[in-house]
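Step one of this worksheet: look at the structure below.
4 protein chains.
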Amino acid sequence: MTDTMKAAVFRGREDIRLEERPIPRCGPTEAIVKVTLTTICGTDVHIWREEYPVKPGRIVGHEPVGVIHELGEAVTGYEVGERVLVGAITPCGTCFFCQSHNESQCSGYDDRWEMVGGWRLGNSIDGVQAEYFRVPYAQANLAKIPDDLSDEQCLMLADIASTGISAAETADVQIGQSVAVFAQGPIGLCATAGARLRGASLIIAVDSIHQRLELSKAMGASEVIDFTEEDPVAAIKRLTEGRGVDVAIEALGTQQTFQACLDATRPGGIVSSLGVYGGKLELPVESLVYGIGDKRILTTLCPGGKERMRKLMELVRNGRFDPSPLITHDFTLDQIEDAYDLFGNQREGVVKVALRVDGAAPRAHAAGAASRAAT
Amino acid sequence: MTDTMKAAVFRGREDIRLEERPIPRCGPTEAIVKVTLTTICGTDVHIWREEYPVKPGRIVGHEPVGVIHELGEAVTGYEVGERVLVGAITPCGTCFFCQSHNESQCSGYDDRWEMVGGWRLGNSIDGVQAEYFRVPYAQANLAKIPDDLSDEQCLMLADIASTGISAAETADVQIGQSVAVFAQGPIGLCATAGARLRGASLIIAVDSIHQRLELSKAMGASEVIDFTEEDPVAAIKRLTEGRGVDVAIEALGTQQTFQACLDATRPGGIVSSLGVYGGKLELPVESLVYGIGDKRILTTLCPGGKERMRKLMELVRNGRFDPSPLITHDFTLDQIEDAYDLFGNQREGVVKVALRVDGAAPRAHAAGAASRAAT
Amino acid sequence: MTDTMKAAVFRGREDIRLEERPIPRCGPTEAIVKVTLTTICGTDVHIWREEYPVKPGRIVGHEPVGVIHELGEAVTGYEVGERVLVGAITPCGTCFFCQSHNESQCSGYDDRWEMVGGWRLGNSIDGVQAEYFRVPYAQANLAKIPDDLSDEQCLMLADIASTGISAAETADVQIGQSVAVFAQGPIGLCATAGARLRGASLIIAVDSIHQRLELSKAMGASEVIDFTEEDPVAAIKRLTEGRGVDVAIEALGTQQTFQACLDATRPGGIVSSLGVYGGKLELPVESLVYGIGDKRILTTLCPGGKERMRKLMELVRNGRFDPSPLITHDFTLDQIEDAYDLFGNQREGVVKVALRVDGAAPRAHAAGAASRAAT
Amino acid sequence: MTDTMKAAVFRGREDIRLEERPIPRCGPTEAIVKVTLTTICGTDVHIWREEYPVKPGRIVGHEPVGVIHELGEAVTGYEVGERVLVGAITPCGTCFFCQSHNESQCSGYDDRWEMVGGWRLGNSIDGVQAEYFRVPYAQANLAKIPDDLSDEQCLMLADIASTGISAAETADVQIGQSVAVFAQGPIGLCATAGARLRGASLIIAVDSIHQRLELSKAMGASEVIDFTEEDPVAAIKRLTEGRGVDVAIEALGTQQTFQACLDATRPGGIVSSLGVYGGKLELPVESLVYGIGDKRILTTLCPGGKERMRKLMELVRNGRFDPSPLITHDFTLDQIEDAYDLFGNQREGVVKVALRVDGAAPRAHAAGAASRAAT
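Chains as they are written, first to last, in my numbering: chain E, 11 to 385; chain S, 11 to 385; chain B, 11 to 385; chain R, 11 to 385.
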């Protein structure tokens with residue numbers, strides 16, 4: 011074994027390229043994981059476009075499935091060779107934020123609140139679109155994959171499933187409530203699944219892409235609205251006796267969808283925001299106070315930690331949730347530039363790509379992915 | 011129209027019989043409902059056996075579907091002739107308990123805490139196994155039935171679905187948690203559905219009757235345990251890496267199942283108790299403190315009120331939950347004594363009976379009901 | 011007794027005047043209360059300035075202490091002559107919103123969601139700055155005053171104490187957390203008391219008026235910041251190891267204080283908003299997502315209902331909270347125009363005024379009110 | 011410096027004696043703390059009496075204040091010489107239980123659920139009634155003591171304050187609710203303070219010792235009941251309009267007080283149990299179901315972790331809570347046998363003892379401790 015590896019490195023605007031890099035070394039509380047399967051996130055596209063600031067030279071990627079390659083001396087209960095899933099957020103478990111149950115804002119062992127938060131991989135430290143990566147706070151973040159789950163079944167759990175489902179959890183959706191999900195991209199589709207998993211009755215999916223609205227039905231939507239055909243706020247009011255939904259989930263990140271969420275929510279309802287917004291949002295305050303107001307706005311980052319990953323894997327194992335239909339395209343790590351081009355430019359109806367790192371041949375591109383979705 | 015009606019009246023041990031009674035009169039905040047469909051509850055069987063004290067002469071029954079016959083002058087927003095569902099619990103909405111969000115313990119407008127609580131129909135006031143009944147606090151308790159729902163689809167919602175599902179709600183089951191449900195009678199089956207609706211991953215159903223274990227799979231169980239074949243606590247530990255489930259739901263009401271729930275629950279877990287116990291329970295305190303302890307015991311009565319009923323009907327409308335497979339037998343009100351005999355003695359594999367009050371012919375008895383259950 | 015009464019009527023911009031009006035008549039679910047003591051709210055000043063729309067001719071005021079004068083036939087458990095407190099919000103207890111536990115958004119018996127919500131008195135129906143007023147949904151809203159409480163001790167509970175305290179409740183402040191309260195007007199002072207009542211450790215009060223900062227200490231502030239002397243966000247970060255507070259409460263209603271609340275809150279923290287904003291708010295989204303983001307914005311209207319009023323009176327009875335120091339000036343109903351002039355223009359260091367309706371002589375104006383505050 | 015130390019070792023029934031032991035050695039994720047001040051817990055007395063099983067040879071004690079003596083290589087953000095408080099429970103922050111927010115049940119890095127839980131010090135590993143002790147999972151458990159707090163002000167926070175206060179937190183006591191606390195020993199007194207900190211209005215303290223009832227007033231009780239003079243259940247019902255309290259806290263651990271808690275709680279109320287019970291408890295089930303039932307039973311172990319300790323210290327720093335009046339007697343470590351004799355046999359009105367380990371002279375025994383209690 012050589013001591014170098016291939017890794018996808020951010021170099022500048024629309025420039026993420028494969029480079030040769032040293033295999034990372036393992037500290038006492040860390041682990042090195044050999045990646046088998048990873049993917050590209052919408053946030054990676056923001057990095058690729060220089061819309062989200064990442065240091066040039068950073069290895070990108072934060073959604074890894076792999077095998078334990080090396081373990082720090084203080085890490086116990088694991089063995090080299092075990093298959094693991096690591097979440098996009100890697101909480102330390104010991105800082106102010108972790109002990110306050112805001113793991114997504116983890117400031118690490120140093121407890122320096124000004125640190126960038128629990129999202130480290132491919133952001134403040136090197137990421138996982140590589141042959142190997144270093145897992146910080148490994149004791150808290152290595153989630154063993156049960157034998158009866160494939161890598162593909164786990165891949166989406168690291169970020170988009172955890173994030174999307176959390177929108178319904180943060181909003182504390184109750185059995186029988188109504189939920190609207192604005193935008194049915196990968197995270198919105200998982201938010202739709204989250205609303206179903208929390209027992210919502212009426213689940214309304216909003217998008218304009220036919221394929222995504224079809225996928226949303228597979229994820230649990232009871233009604234779909236093509237916003238190019240019908241004003242979604244009016245449609246939602248029509249479906250809820252004029253009141254608006256109990257919970258609206260924003261999964262795009264624009265002023266327009268945020269405003270639509272506020273307008274589509276009943277008095278006393280909740281807007282659960284997942285989207286990443288650029289610039290400044292306007293908050294129409296008459297929606298907040300008096301009369302038809304009294305709403306709450308909640309935001310969530312991706313929940314992480316090995317127990318979160320374990321619970322999501324248990325959902326898949328028990329047939330409650332299957333995110334694999336979201337994988338519409340396959341690439342190898344060598345094809346990373348093609349993969350960013352396709353996914354970044356949203357061509358060929360791509361929903362999510364799989365990046366095979368272990369040299370396995372890519373699957374044929376999925377046809378009729380929606381038909382495989384969970385019911 | 012005459013001013014008398016037929017009604018099932020409790021007269022003594024195993025003596026509930028049809029009598030001629032005056033049609034009830036309507037006060038300003040009340041309504042009179044003409045019953046179309048009702049059923050017999052396990053609690054009615056406790057009354058029938060004199061295990062639960064009810065005044066002789068009381069009309070029994072608390073699960074009504076019907077049509078508004080008369081409205082009190084202070085009740086607004088309804089019209090005579092509208093189809094309605096009324097929950098087993100009829101909260102007033104204004105007393106200490108209702109304003110404290112303990113509607114099941116509602117003490118009524120008089121706010122006399124020593125009153126019997128929110129379960130009034132067929133208990134402290136006349137019930138619904140009759141051609142007509144009076145709805146107390148009608149403004150809070152008349153839930154209109156949407157046109158696209160049949161009476162049969164709503165019948166189980168008044169009590170057992172509301173109660174069974176509430177076990178998972180009270181325990182605040184989280185997405186991906188594990189839940190065991192002890193006993194798969196009507197309420198246990200609905201508790202199983204409740205665990206699924208809250209997003210549990212592993213749902214373990216315990217019973218000894220093959221038919222009920224089959225029904226439990228239709229309701230959402232991922233594993234079933236026949237306790238005559240395997241110790242359920244050992245089986246649950248085997249399925250949960252030795253820890254025990256996050257939440258155990260007791261749906262029978264015996265010392266043995268209660269104890270099993272405590273033993274099958276992980277440290278820090280929750281026992282959510284629905285069963286009606288006779289006599290005194292022993293609480294093995296070593297389960298509560300130190301080491302493997304730190305558990306919580308929660309009890310729930312049936313949630314009621316028109317908004318609860320509306321939300322449950324929305325679940326059914328949107329295909330999230332279908333309790334109708336629980337109805338295995340049909341009777342008319344005239345056959346009330348046969349119905350109590352069959353249901354009270356649990357003959358012919360009965361799960362729930364439908365009592366047709368409006369003179370409609372009974373359906374053929376269900377065969378293969380489980381095959382119709384929600385998926 | 012004649013059948014007319016004196017009432018303060020909104021006629022136009024800065025024109026609220028005393029008029030002779032019929033004593034209201036009582037419906038079956040209503041009550042008529044003879045007012046003994048009331049006050050003017052900041053919201054009344056918005057009405058007086060035509061900043062909040064109310065129909066000309068409307069009797070204003072929503073904070074009443076009085077005596078039951080007449081009871082509707084469906085109202086039970088009360089007697090004419092009993093002293094009562096009625097909250098600013100009068101929930102019906104039976105509509106969608108009340109049964110969903112959003113009582114502040116109550117749409118009433120008619121359940122018409124487009125109705126203006128639970129704030130009716132002096133808004134959508136005639137109010138309480140009058141000799142008599144009609145209580146809608148009286149069964150849910152008449153809170154008997156214990157003999158050992160004076161009218162003055164109860165007066166602030168109808169609105170500002172209920173609203174102010176609710177900011178800490180909505181934010182679910184935990185024992186030992188840090189809280190900043192921006193603006194120490196009447197509601198901000200009660201929010202400060204609410205933070206103390208929820209067990210906050212560090213409570214930081216922000217204002218620029220010396221007298222109000224002194225009052226805030228009496229209400230529970232451990233630190234006070236005069237924002238004309240020091241940047242409050244910087245001061246808050248200095249007091250919290252650079253992190254920001256767990257919870258910031260906005261009690262003014264300006265873009266500047268709202269922004270300061272977002273900036274002064276730690277990642278994962280909560281902004282609890284009480285202020286009434288004019289126009290549109292900007293929501294600086296970088297505060298919400300990524301890195302230092304992940305915040306929640308909650309809004310609250312005044313909680314109402316007789317049980318809310320009872321609980322607040324119990325706080326006062328048991329010495330946990332004393333809002334009476336907030337009353338700095340006394341007027342009679344005949345002096346209503348003077349009272350609006352003084353309070354509306356914030357002259358003479360006014361915090362809250364008492365309006366005596368029953369002909370009792372006004373007290374001398376309070377000197378050193380802060381010294382009487384609860385400890 | 012020699013490499014041995016003095017330590018209080020459990021040898022058998024009523025036999026805890028000072029022995030010479032090696033100073034513990036420090037692993038990579040651990041720390042060694044030089045103890046300055048510690049105390050004896052009621053649980054230590056259970057060990058002393060052989061009522062709670064601990065391995066002979068175990069160093070006892072779990073409430074330490076001290077100074078960092080040595081730091082493991084993986085522990086960052088601390089320096090030798092810093093004053094620290096360590097909680098009785100030492101969660102790892104990474105296991106199933108910690109990531110499930112059941113830190114008291116922490117199974118450690120090994121994640122072996124059958125481990126004894128988060129209470130390790132003086133239980134499953136050597137404790138703190140010694141000159142030095144080893145802190146497991148040091149990164150999660152070393153809470154720096156601010157300069158403005160004395161050792162004495164922090165001593166009670168490690169266990170009894172954290173435990174006592176948690177009873178009100180677990181029960182989610184709401185502002186204005188009524189709470190009864192059965193038994194006013196050290197933990198019951200802290201539970202009384204916890205009820206006050208959560209904003210309870212009526213707080214009823216039950217005991218039979220005059221001195222403790224006086225202390226309970228200092229901690230926040232609004233009413234005290236001497237159960238030798240009056241039936242406490244009857245007294246509580248008299249004080250709550252016949253309903254019973256919203257929350258009853260059990261802080262003794264007997265069938266009689268547990269039963270009294272159930273009886274003294276209103277329908278729909280909560281029993282929050284802190285006591286350590288011997289043998290089996292009977293749970294009178296008619297208290298749980300139907301009519302006056304619908305209660306919840308919650309148990310809590312001592313919450314731990316450095317952030318818990320930090321929040322409790324912030325309460326003390328900001329004058330919200332002062333547990334120091336509970337320290338009624340002082341001893342040095344050399345006097346450990348006398349200290350167990352006095353505290354174990356509850357002589358001389360002892361509430362809590364301070365054990366000075368650093369050679370400082372003991373304070374004079376407190377006279378009129380209650381007068382120093384927090385207000």
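Quick reminder that beta carbons are idealized off the backbone N, C-alpha and C, glycines included.
For I213 of chain R, there is no enclosing alpha helix (DSSP H); the enclosing beta strand (DSSP E) has its first and last residue at I213 to D217.
Around the beta carbon of V90 of chain E, fewer than 16 other beta carbons sit within 10 angstroms, so the residue counts as exposed. Within the DSSP secondary-structure output, K362 of chain B pairs in a beta bridge with B:I337. When rounded, the separation of the alpha-carbon atoms in P34 of chain B and D158 of chain B is 30 angstroms. Residues of chain B with a Cβ closer than 8 angstroms to the Cβ of F107 of chain E are, in chain order, P277 and G278. Boundaries for D344 of chain E: no alpha helix (DSSP H) harbours it, and the DSSP string shows neither H nor E there. Proximity to A245 of chain E across E:D182, E:V189 and E:E24 peaks at E:V189, based on C-alpha coordinates. In this structure, W129 of chain B and A98 of chain B form a Cβ contact; the two beta carbons are roughly 6 angstroms apart against a cut-off of 8 angstroms. Bounds of any beta strand (DSSP E) do not take in E113 of chain E, whose DSSP letter is neither H nor E. For E113 of chain R, the nearest beta carbon of chain B is not closer than 8 angstroms to its own beta carbon. For T104 of chain B, the chain S residues whose C-beta falls within less than 7 angstroms of its own C-beta are G103, Q149 and A150, listed in chain order. At a cut-off of 8 angstroms between C-beta atoms, A84 of chain B counts as an interface residue with respect to chain S. Taking K154 of chain R as reference, the option from R:L131, R:V216 and R:I78 with the minimal CA-CA separation is R:I78. Contact between Y88 of chain E and L95 of chain E is ruled out by a C-beta separation of about 13 angstroms, above the 8 angstroms threshold. In summary, D54 of chain B is buried, with 16 or more beta-carbon neighbours lying within 10 Å of its beta-carbon over all protein chains present. Comparing C-alpha distances from L165 of chain R to each of R:P196, R:Y119, R:G204 and R:D351 shows the shortest one belongs to R:P196.
Around the beta-carbon of G209 of chain B, 16 or more other beta-carbon atoms lie within 10 Å, marking it buried. According to the DSSP assignment, F20 of chain E belongs to no alpha helix (DSSP H) but to the beta strand (DSSP E) extending over T14 to G22. Residues V77 and I155 of the same chain have their beta carbon placed closer than 6 angstroms to that of R93 of chain B, with the five preceding and five following residues left out of the count. Closer than 8 angstroms to the CB of S110 of chain E there is at least one CB belonging to chain R. Listed along chain B, the residues sitting closer than 8 angstroms to R306 of chain E by beta-carbon distance are R306, I307, L308 and T309. Annotation for G52 of chain S: the continuous alpha helix (DSSP H) segment containing it runs G52 to W58. As for any alpha helix (DSSP H) of minimum length 4 sitting wholly inside the stretch 129-188 of chain R, the runs are 148-151, 161-165 and 172-180, ordered along the chain.
Straight through space, the alpha carbons of Q187 of chain E and V255 of chain E are spaced by roughly 8 angstroms. Assignment of T267 of chain B by DSSP, reduced to helix, strand and coil, places it in the helix class. Straight across, the Cα-Cα distance linking V64 of chain S with G52 of chain S is about 14 angstroms. No Cβ-Cβ contact shorter than 8 angstroms links K305 of chain R with L343 of chain R.
For the stretch 252-277 of chain B, the set of positions with a beta-carbon nearer than 8 angstroms to some beta-carbon of chain R is empty. Secondary structure at F192 of chain S: strand, using DSSP grouped into helix, strand and coil. When the five nearest sequence neighbours on each side are left out, the beta carbons in the same chain lying within less than 7 angstroms of the beta carbon of V243 of chain E are those of A270, D273 and A274, in order along the chain. Within chain B, the residues whose beta carbon sits less than 9 angstroms from that of Y119 of chain S are A84, V85, T86, G87 and Q149, listed in sequence order.
If you draw a straight line from the Cα of L325 of chain R to the Cα of A205 of chain B, it is about 13 angstroms long. Beta-bridge analysis with DSSP links L95 of chain S to S:V75 and S:A153. Rounded to whole angstroms, the separation of the alpha carbons of T173 of chain B and S283 of chain B is 11 angstroms.
Less than 8 angstroms separates the beta-carbon of G359 of chain B from that of T338 of chain B.
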